[in-house]
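Participant: In short: position in the sequence shown from 1, add 3, done, that's our numbering.
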Amino acid sequence: MIWLLLAQAADPIAATIAGMTIDQKAAQLQSSAPADASAGLPAYDWWNEGLHGLARNGPATVFPQAIGLAATWDPDLLARVGDVVATEARAKFNARPAGADRRLYEGLTIWSPNVNIFRDPRWGRGQETYGEDPYLTGRLAVAFIGGLQGPDPRHPKVIATPKHFAVHSGPEAGRDGFDADPSPHDLEATFFPAFRMAVTEGKARSLMCAYNAVHGTPVCALPSLLIDRLRRDWGFAGFTVSDCDAVANIALFHHYRPDAAGAAAAALTGGTDLNCGSSYAALPEAVARGLVGEAAVDAALTKLLTARRDLGIAFGAASPWSRIAPSDVATPAHHAVALEAARKAIVLLQNAHRLLPLKPATRLAVIGADADDLGVLEGNYHGTATAPVTPLDGLTARFAQVRYAQGSVLAEGAPVVMPRTALRDLTATYSIGDRTLLTRNEPRIDRNLARAAPAPGVPTTGWRARWTAQFTPPGPGRYRLVIDQAQCWKDCTVHDRATLRLGGRLLHDGPLPKGRVEMDVESDGTPQPLILDLDHRSEDESIRLLWLPPAEPLLAEAVAAAKAADVVVLVAGLSPDLEGEALPVQVPGFVGGDRTDIALPAPQRRLAAALRATGKPVVLVLASGSAVAVDPADADAILALWYPGEAGGTALADTLAGASNPSGRLPVTLYRATSDLPAFVDYGMKERTYRYFTGTPFWGFGHGLSYTRFAYDRAAARGGIAGAPVTVRVRVADRGARAGDEVVQAYVVPPAGDARPALTDPVLQRQLAAFARITLAPDEARDVTLTLDPRMLASVDRDGTRRVLPGRYRIWIGGGQPGDGAGQWSEVTLTGAAVVLPR
4 MIWLLLAQAA DPIAATIAGM TIDQKAAQLQ SSAPADASAG LPAYDWWNEG LHGLARNGPA
64 TVFPQAIGLA ATWDPDLLAR VGDVVATEAR AKFNARPAGA DRRLYEGLTI WSPNVNIFRD
124 PRWGRGQETY GEDPYLTGRL AVAFIGGLQG PDPRHPKVIA TPKHFAVHSG PEAGRDGFDA
184 DPSPHDLEAT FFPAFRMAVT EGKARSLMCA YNAVHGTPVC ALPSLLIDRL RRDWGFAGFT
244 VSDCDAVANI ALFHHYRPDA AGAAAAALTG GTDLNCGSSY AALPEAVARG LVGEAAVDAA
304 LTKLLTARRD LGIAFGAASP WSRIAPSDVA TPAHHAVALE AARKAIVLLQ NAHRLLPLKP
364 ATRLAVIGAD ADDLGVLEGN YHGTATAPVT PLDGLTARFA QVRYAQGSVL AEGAPVVMPR
424 TALRDLTATY SIGDRTLLTR NEPRIDRNLA RAAPAPGVPT TGWRARWTAQ FTPPGPGRYR
484 LVIDQAQCWK DCTVHDRATL RLGGRLLHDG PLPKGRVEMD VESDGTPQPL ILDLDHRSED
544 ESIRLLWLPP AEPLLAEAVA AAKAADVVVL VAGLSPDLEG EALPVQVPGF VGGDRTDIAL
604 PAPQRRLAAA LRATGKPVVL VLASGSAVAV DPADADAILA LWYPGEAGGT ALADTLAGAS
664 NPSGRLPVTL YRATSDLPAF VDYGMKERTY RYFTGTPFWG FGHGLSYTRF AYDRAAARGG
724 IAGAPVTVRV RVADRGARAG DEVVQAYVVP PAGDARPALT DPVLQRQLAA FARITLAPDE
784 ARDVTLTLDP RMLASVDRDG TRRVLPGRYR IWIGGGQPGD GAGQWSEVTL TGAAVVLPR
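#1: Which stretch, first to last residue, makes up the alpha helix (DSSP H) that contains residue 147?
#2: Residue 490 lies in the beta strand (DSSP E); which residues open and close that run?
#3: Assess contact between the segment 84 to 99 and the segment 108 to 122, defined as three or more Cβ pairs (one per stretch) separated by less than 8 Å. Is contact present?
#4: Where residue 8 and residue 837 are concerned, what is the direct C-alpha to C-alpha distance, given to the nearest angstrom?
#5: Name, in chain order, the residues that DSSP records as bridge partners for residue 576.
#6: Count the other CB atoms, across all protein chains shown, that sit within 10 Å of the CB of residue 757; report buried if there are 16 or more and exposed otherwise.
#7: Restricting to Cα atoms, I'd like to know which of 590, 174, 89, 441 is closest to residue 417.
#8: Would you decide whether residue 778 is buried or exposed? Buried here means 16 or more other CB atoms lie within 10 Å of its CB.
#9: Provide the residue(s) that pair with residue 182 in DSSP beta bridges, ordered along the chain.
#10: Less than 8 Å separating the beta-carbons of residue 746 and residue 827?
#11: Name the DSSP beta bridge partners of residue 598, please?
#12: Run through the DSSP bridge pairs and tell me what residue 532 is partnered with.
#13: Measure the beta-carbon distance from residue 66 to residue 344 and round it to whole angstroms, keeping in mind my assumption that it falls under 8 Å.
#14: Residue ranges of each alpha helix (DSSP H) run of no fewer than 4 residues wholly in the segment 234 to 307, ordered along the chain?
#15: In angstroms with no decimal places, state the Cα-to-Cα distance between residue 280 and residue 190.
#16: Using CA coordinates, which residue listed in 278, 660, 265 is at the minimum distance from residue 291?
#17: Of the choices 383, 140, 412, whose alpha-carbon is the least far from that of residue 772?
#18: When you compare the segment 523 to 533 with the segment 571 to 585, are there three or more beta-carbon pairs, one atom per stretch, that lie closer than 8 Å?
#19: Helix, strand or coil for residue 399 per DSSP?
#20: How is residue 68 classed by DSSP in three states: helix, strand or coil?
#21: Taking 8 Å as the threshold, find out whether the segment 66 to 80 comes into contact with the segment 666 to 684 through three or more Cβ pairs.
#22: Just to confirm, are residue 569 and residue 365 a CB contact at a threshold of 8 Å?
#23: What does the alpha-carbon distance come out to for the pair residue 322 and residue 160?
#24: Run through the segment 360 to 415 for me and flag every whole beta strand (DSSP E) of 3 or more residues, listed as ranges in chain order.
#25: Answer with buried or exposed for residue 840, where buried requires no fewer than 16 other C-beta atoms within 10 angstroms of its C-beta.
#26: Using the C-alpha atoms, what's the distance from residue 242 back to residue 44?
#27: I'd like to check one pair, residue 664 with residue 743: are the Cβ atoms closer than 8 Å?
#28: Is the beta carbon of residue 614 sitting closer than 8 Å to the one on residue 565?
#29: Measuring only the C-alpha atoms, how far is residue 401 from residue 158?
#30: Would residue 225 pass as a contact of residue 642 if the rule is Cβ separation under 8 Å?
#31: Which same chain residues end up closer than 8 Å to residue 467 when comparing Cβ atoms and leaving out the 5 residues on each side of it in sequence?
#32: For the segment 409 to 461, which segments carrying the beta strand (DSSP E) assignment without a break, of at least 3 residues, lie completely within its bounds, in sequence order?
#33: So if DSSP puts residue 865 in a beta bridge, which residue, or which two residues, is it bridged to?
#34: Among the residues of its own chain, which have a CB less than 7 Å from the CB of residue 262, if the five just before and after it don't count?
#35: Between residue 546 and residue 448, is the Cβ-Cβ spacing less than 8 Å?
#36: Could you compute how far the alpha carbon of residue 807 sits from the alpha carbon of residue 835?
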């Protein structure tokens, strides 16, 4: 007993736990951990987001969505992005005393990155990932985690949480109780590698388990994953957290246990330390019923309190990161990184007749709803950009003559932001009581208000706004007007009220039920005064005025703009209103945040055809979080913009004008049609991603063009013994007139022969094994050496064992996959055989 007391005195965490009741302990194992004065713990909410910028807690630097960051193929950039996210998290944290209570999105535990494999372009959350390849995903995740957590493992800047472990990639519908049934081969070859790298190389201090089950067991209660593979095989020593309400789902949707106590016990013994949600409130009952021992509760709580101590936010611990100033948010230096990322993310898919770059004097017709929509910049899981630049804004600033027309909605029946062309002379006035704070012109009614003021001198909440304009529709017809708001969903006591008047007629006055009110109006096409009043008394997170206009007047307006221009820039694609996490949307091509058809939606196909018919050159810019099937014949030049972040419009304008040379590469395959894909619910990898797809896509993984030309020669591979690294050396030269970035990619084709098909299922076509991003000046040549880890040379048996087989390996090294652009083959013969261990 004396020894135990001395040990507790030397270890304040053990002493704290020893003095807590089971109810106190259970409370601290839930994501919204309450203040506990007797334990010396302030309130702390473990849930914070930083996928592509610090999210949901006011002004922050907003980078391209994760899929756009993946298109940069630039681990060094991902590390710097992670560092900015961590800096801004610390800056906001340091604005209050270290011992202050912290609510949702105010903590230092960042639930990012999402390293699930984007196995099917129909998944709405694929935008949050780094694409379809396990190796690229893993390399970018390691870099991002390193940027988040910083260089000192003893004093993490923040704690990263790669998610969702494992086998989680849609569909959104039914995700709470879905049972994936992957083969051992697919688990090891596709679903595990990025998580393994995040843990073994990235040293992530936390990890999130997924909603789904694997082979009948919910993964948040699956010890073969969370204990055997994660802790034993990979050496993970941090804490695990459930996806939100995943513990409750163990009983409610998986029916794996009959009640909350049983679900909590199954999760805790299965390896889940922290419950996002409140289901661990049932742990005292579970302990009393003998379903789990209190020692397991103590072990989980020890991991969590250790993390709080190491962050310097408990037990009197200090952190070197407490010196970060509260003002170090959305700084010019951080914006420069966002602009660099947006430029590097742009993928030039085709450039027929060398249409691009354009001259500054080119008269542009900028067309498309995605050209002027804040949400298209920010994606999902985002912060509030302080100075966002839409594609229309960027192109207007760069080119001498720009005319805009919306052209169409994005999908049948889905409203879009009412464009500036329909809101002439739009003026916004912000006030408190009778005192006017600010009056200014604004382009649209499209504001992100998530813990953010709409303008300098206006508070974050407690104000009124009035927008006045002349509603100027493109022609007569029936128009649906929509007041739309992302409402505060947790700990909210009040919501906003709005009033809308059109032509002197009151259309709405009162609350916004579930954040949206829709009104149909008939218009003869003549302008009418429009007034929208908002009483922003809450923490509701946005205000937008949307519309669903008749198709023909909108299309005619776009065709007229195209005919008056030299070049048409059509910004088309999707939006976070159509693809995302568990969305309440069901229109043709979309359901619940997922897609049912990967083609460009019908209204935009009609728009593209009408613009093409004018005979004017067309630049098609795809704004989306996933692959959209567009025919190369639909445009002269095609670029993937993704959801590009706060500087997206500037980056696009710089690229079209030639001030920035496009250098992004596809992190996903752009298939031709939905019919090319297996069933969405099938988690087998056969005919999925470039590694197993046997068809011909429009553009393949790794594809991307430049305004300059690169050449490869002197490729040579060295190696000889299975289980040892292989090195590949090649000379890369810039043979064009511009400086440019090349992404040098090495793909391995394993030995052919009778043994291989018996070992692997499905048969691997090729595998990205290494890459490097380099910058070359005109006529500059550089030798590039890439090292191929034995793991990337290995084949995977049906039982999930990795083996490096003897035989002749073909290695392609070039600017894309074999046959896509410049590159060279090399060969190496390996002798012997080696099993690659899980660690």
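Think of the CB as a built atom: it goes at the ideal place given N, C-alpha and C, for glycine as much as any other residue.
Facilitator: On the basis of the supplied data:
#1: 137 to 152
#2: Counting along the chain, residue 490 falls outside any beta strand (DSSP E), and DSSP gives it neither H nor E.
#3: yes
#4: Bear in mind that the predicted position of residue 8 carries a pLDDT of just 46, short of 50, making it too unreliable to give a figure here.
#5: 626
#6: Low confidence applies to residue 757: its pLDDT is 46, below 50, so where it sits in the model is not reliable, and the reading given next is rough at best. Its Cβ having fewer than 16 others within 10 Å, residue 757 is exposed.
#7: 590
#8: exposed
#9: 216
#10: no
#11: 593
#12: 473
#13: 5 Å
#14: 249 to 255, 263 to 273, 286 to 291
#15: Pairing residue 280 with residue 190, the inter-Cα distance amounts to about 28 Å.
#16: 265
#17: 140
#18: Result no; under three Cβ-Cβ pairs closer than 8 Å.
#19: helix
#20: coil
#21: yes
#22: yes
#23: 8 Å
#24: Here the runs fully enclosed are 366 to 370, 404 to 408.
#25: With fewer than 16 other Cβ atoms within 10 Å, it is exposed.
#26: 18 Å
#27: yes
#28: yes
#29: 44 Å
#30: no
#31: Around residue 467: 433, 434, 435, 536, 537, 538, 539.
#32: 426 to 435, 438 to 444, 449 to 451
#33: Given that the chain is displayed from residue 4 to residue 842, the structure contains no residue 865 and the question cannot be resolved.
#34: 254
#35: yes
#36: Looking at the backbone, the Cα of residue 807 and that of residue 835 are separated by about 8 Å.
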